[in-house]
Every structure is written in C-alpha cells, then in structure tokens.
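Quick notes on the structure that follows.
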Amino acid sequence: MSTMPARGYEPDVPRGTATIGKSVLIKGQILSKEDLVIDGAVEGSVEAQENRVTIGPNGRVIANVKARDVVVLGQLKGNIEASGRVEIRKGANLVGDIRYAKISIEEGADLRGSLEMIRVDVKPEPGKAAEVPIKPAVETPVQQSLGASAGGNTVKK
Amino acid sequence: MIKKGWNRLFGNGEEVPFGTVMPAMTPLAERVELRGEFSRQSSALEQFFQAFHGQAGLTVLDLGVSNQENTDFFNELGHKLRYDNFVRSMDESFGDGDFYANQDDDDRIASFQAKVLNFDDDSLDGVLVWDALQYLSPALLEGAVSQMHSILHKGGQLLTVFHTDEKLVEVPSYSYRIQGQNRVKLISRTHRKPAQFFSTRSLEKLFRNFDQVKFFLTQDSLREVIVRK
Chain U
5 MSTMPARGYE
15 PDVPRGTATI
25 GKSVLIKGQI
35 LSKEDLVIDG
45 AVEGSVEAQE
55 NRVTIGPNGR
65 VIANVKARDV
75 VVLGQLKGNI
85 EASGRVEIRK
95 GANLVGDIRY
105 AKISIEEGAD
115 LRGSLEMIRV
125 DVKPEPGKAA
135 EVPIKPAVET
145 PVQQSLGASA
155 GGNTVKK
Chain D
17 MIKKGWNRLF
27 GNGEEVPFGT
37 VMPAMTPLAE
47 RVELRGEFSR
57 QSSALEQFFQ
67 AFHGQAGLTV
77 LDLGVSNQEN
87 TDFFNELGHK
97 LRYDNFVRSM
107 DESFGDGDFY
117 ANQDDDDRIA
127 SFQAKVLNFD
137 DDSLDGVLVW
147 DALQYLSPAL
157 LEGAVSQMHS
167 ILHKGGQLLT
177 VFHTDEKLVE
187 VPSYSYRIQG
197 QNRVKLISRT
207 HRKPAQFFST
217 RSLEKLFRNF
227 DQVKFFLTQD
237 SLREVIVRK
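Taken in order, these protein sequences are the chains called U and D. In case it helps, the numbering used here puts the first sequence at residues 5 to 161. In case it helps, the numbering used here puts the second sequence at residues 17 to 245.
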C-alpha cells in the first residue's frame, strides 16, 4: 500500500486563474483581478474589468458580468458587458443583454436578449494605446431584478 | 415598463384597410445548394432592408435561433439585434405530449407568453419572425400577431414565411441566416406538422390590423410575407 498522500483535485486551468468549483455557491459581489472560471453557482455580480471570465459547462450564474472577455458554456441569467470578446459556446444558455467589442456565437447556443456592439471612436494619442470607453449600460429588466438578489456576502479577490 | 404576458391574446378585432397587397414571384435566382442547406434571393428581405436605408441604431427582433451570420450582419449596419428563440420557447412550453393540444392549456400559454415577445409597445423597428407562426394554434397565433403589432413602431415591419404546399403533413423547418440585403441561407433543422394551411386570404385576415401586406412566392414552396404597421 502506497504511503504517498492522495493528490487533490487540480482543475485544468492555467496559472493565474481563479476557479469556483461546481459544488460551490457564492452570493454577493465578485471582483477579480485575475482570470476567473465559474463552474459553480454565483448570484450577485461579477467584475473582472481587465481579465477573462469563463462560465463553465456546469456554471449557473445569476449576475451581471463585466469583464474584458467573457466565455459562456453554461447558464447565465444577467447582462454581459465586455470591452473585448464575448464567446457564446455550444450548449450555453443565456438570458440577458450583451454589449461587446467582438462576439462569436456557436451553433447550439440558446441566447435570448439583445446584442449591441460597443463602438470604439477614440483616437489614440501618439505613443499611447487606445482605451476602449464603455458607457454604463442602460438598466434593463434583468439588472433591475438582479438588484434585489445582489448583496449579502462579499467576495473580493 | 416591460409587459408581463401579452395584453391582448385575441387581438382587438378592428378592421384596418390594407395598403398594397402585391403578390409577386421571386425571380429565379441562382440557388446554391449544400447538404441540408441552400441560399437564395429573398425579395421580402430586400424590402425589409430597403426601409432601413440610411438609418442606424434601429432595433430588430429575430425570433430565430441566435447565430453568427445574422449578428454580424446587423452589427455591420449599426443596428441592435435581439433574439427571442421563439420556436425553442414553444417547444419548452408545449413540446411534451400533444404539441397542439397543449396550446389550449392556460398554464402553458402563460409560461410561453412570459418567455417571448415581452417588449414595450412601439419599441421595435422590425421583427424577423421567419417560419415560427406556422406552429401556433389559431387562438395563440392571433394573440402573437396582435402582440407583434403592439411592439412594432408605426411603420415598423414584420417578415414571416409560410409554406404553400397544403398537401404536406409535415413541412421543413429552417434556420434562416442572412447573407446579404436580398439573400438568405436556409438550413434545414427538422420537419414539423403545421397548425394549419395558410392561404393568401387567411394571411390577409391574420394581418388585418397592419397597414400593408405583401406576398412573395419562392421556388422552394414558401410564401414570404412582409407586413408594415
């Protein structure tokens, strides 16, 4: 019989990525400064302005998600605002409005909501990279209904 | 305020005189056929986009399945696209058991109405219905068309498609992908039994509350219909 300790579960995610596992439920506000994979349940709001948020195939999220890039494979009820790319993958179930700079929608995704491209119209100063301005999204019914559920515990990373 | 459920399931019954009712034949376009899909010209789509000429920032509701092609097309034109996934919502609400008998069940109807067409009055510039209306029972169909009339702006348009072969028990159900302002790709998804056969007369009656109705017969046994509020 081996005396080696059993190895714990290691999710298949790159370093510098936080993961919410499929048996985890978080209620509240999540602020992340690293890439985030949600494969569990989240109710509240998710913000990772300079990073990627991935809602995994087991993810069940009732929240507005604001990030650089957003990838959805699971279920999301809430709005997405992404200064970069939104990917709606096969099997995703998404009810909410999406604002994006780029979007890809795979066959087999179930999307119900509005799609609005963020227009970049700021000229970069010489020697500086252009910043993508994001106007605050108009409050939608989904946001209004989420307002009541947000709060409670606060998770800050 | 967003409406919860449709206010006028059976419409208001007012007769509004038509504008132009103009049956027309889509010209024989070159038809590119691939396995389970083909693309062709669409006169109705051309009319639909002609009304948008020179405008940006309009809001169009697509009742079909979300897809990259339609999203990109509206992005390029600078319009906002909404998806409602109407047929999937029908299947979710009525699909287990007898599809049409279930459309008489009040609870199921309420569930369906909570999922689709919940927009403010006069808030949309266009609705791409595609072939979804063929699968609604008469009472639900009247309510859906009445609700579409309510949520469209004055002058807004609705594009829909019906099969013309009344002998078919089941008709092919397509996913519609916009390829250009007058071109559409049809991807065959499944065959479904339509609720009823729609003649020109029955369609005129169905859209009686709209100001204008135009029909375009296509080579693939479809009748494209474009109506304007």
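Ideal placement from N, C-alpha and C gives every residue a C-beta, glycine not left out.
Counting C-beta pairs with one atom in each stretch, the region 48 to 66 of chain U and the region 17 to 36 of chain U have three or more that are closer than 8 Å, which means they touch. For H179(D), the closest of F213(D), G142(D) and Q163(D) by C-alpha to C-alpha distance is F213(D). Residue contact with chain D for D73(U): absent (no Cβ-Cβ distance below 7 Å to any residue of chain D). Inter-segment contact for the region 186 to 201 of chain D and the region 158 to 172 of chain D is absent: fewer than three beta-carbon pairs are separated by less than 8 Å. Residue burial annotation: S105(D) is buried, with at least 16 other C-beta atoms found within 10 angstroms of its C-beta. About 18 Å separates the CB atoms of D39(U) and N62(U); that is not less than 8 Å, and the two are not in contact. With a beta-carbon spacing of about 10 Å, L97(D) and L115(U) fall beyond the 8 Å limit used to define contacts. From the beta-carbon of Q84(D), the residues of chain U found nearer than 7 Å are S108 and I109.
Interface annotation, K245(D): not in contact with chain U, CB-CB separation never under 7 Å. If you check each beta-carbon in the region 87 to 116 of chain D against every beta-carbon of chain U, the ones closer than 7 Å belong to T87, N91, K96, L97, R98, Y99, D100, N101 and R104. Listed along chain D, the residues sitting closer than 7 Å to E120(U) by beta-carbon distance are K96.
Burial is judged here by how many other beta carbons sit within 10 angstroms of a residue's own beta carbon; T206(D) has fewer than 16 and is exposed.
For R89(U), the nearest beta carbon of chain D is not closer than 7 Å to its own beta carbon. Taking a cut-off of 8 Å for Cβ pairs, the region 221 to 238 of chain D and the region 110 to 118 of chain D do not touch, as fewer than three such pairs fall below it. For A105(U), there are no neighbours in chain D by C-beta distance under 9 Å, as the nearest C-beta there is about 11 Å away.
Residue-level contact by beta carbon fails for R93(U) and chain D, as no gap is shorter than 7 Å.
Residue-level contact check: L40(U) does not touch chain D, since none of the beta carbons of chain D fall below 7 Å from its beta carbon. Not flagged as an interface residue toward chain D: R56(U), since no C-beta distance is shorter than 7 Å. Residue environment for G78(U): buried (at least 16 other C-beta atoms within 10 angstroms of its C-beta). Taking 7 Å as the cut-off, the Cβ atoms of S162(D) and A211(D) do not count as close.
For H69(D), no alpha helix (DSSP H) encloses it, and the DSSP letter there is neither H nor E. Contact of L115(U) with chain D is assigned, a C-beta pair being separated by under 7 Å. The Cβ atoms of I102(U) and I84(U) lie closer than 7 Å to each other. I42(U) and Y190(D) have their C-alpha atoms roughly 34 Å apart.
Counting other Cβ atoms within 10 Å of its Cβ, D78(D) reaches 16 or more and is therefore classed as buried. Between A67(U) and the set V90(U), G100(U) and I109(U), the nearest pair of CA atoms involves G100(U). Taking each of V243(D), E182(D) and R124(D) in turn and checking the Cα distance to S215(D), the smallest one comes out for E182(D). In the structure shown, E110(U) falls within a coil segment according to DSSP collapsed to helix, strand and coil.
Rounded to whole angstroms, F65(D) and A52(U) show a C-alpha spacing of 38 Å.
Where F90(D) is concerned, the enclosing alpha helix (DSSP H) starts and stops at Q84 to L93. Listed in chain order, the non-local C-beta contacts of T58(U) below 6 Å within the same chain comprise V41 and V75, local neighbours out to five positions each way being set aside. Sequence-distant partners of L133(D) (beyond 5 residues in either direction) whose C-beta falls short of 6 Å from its own C-beta, in its chain, are Q163. Looking only at V28(U), S36(U) and S27(U), the smallest Cα-Cα distance to T21(U) is reached by S36(U).
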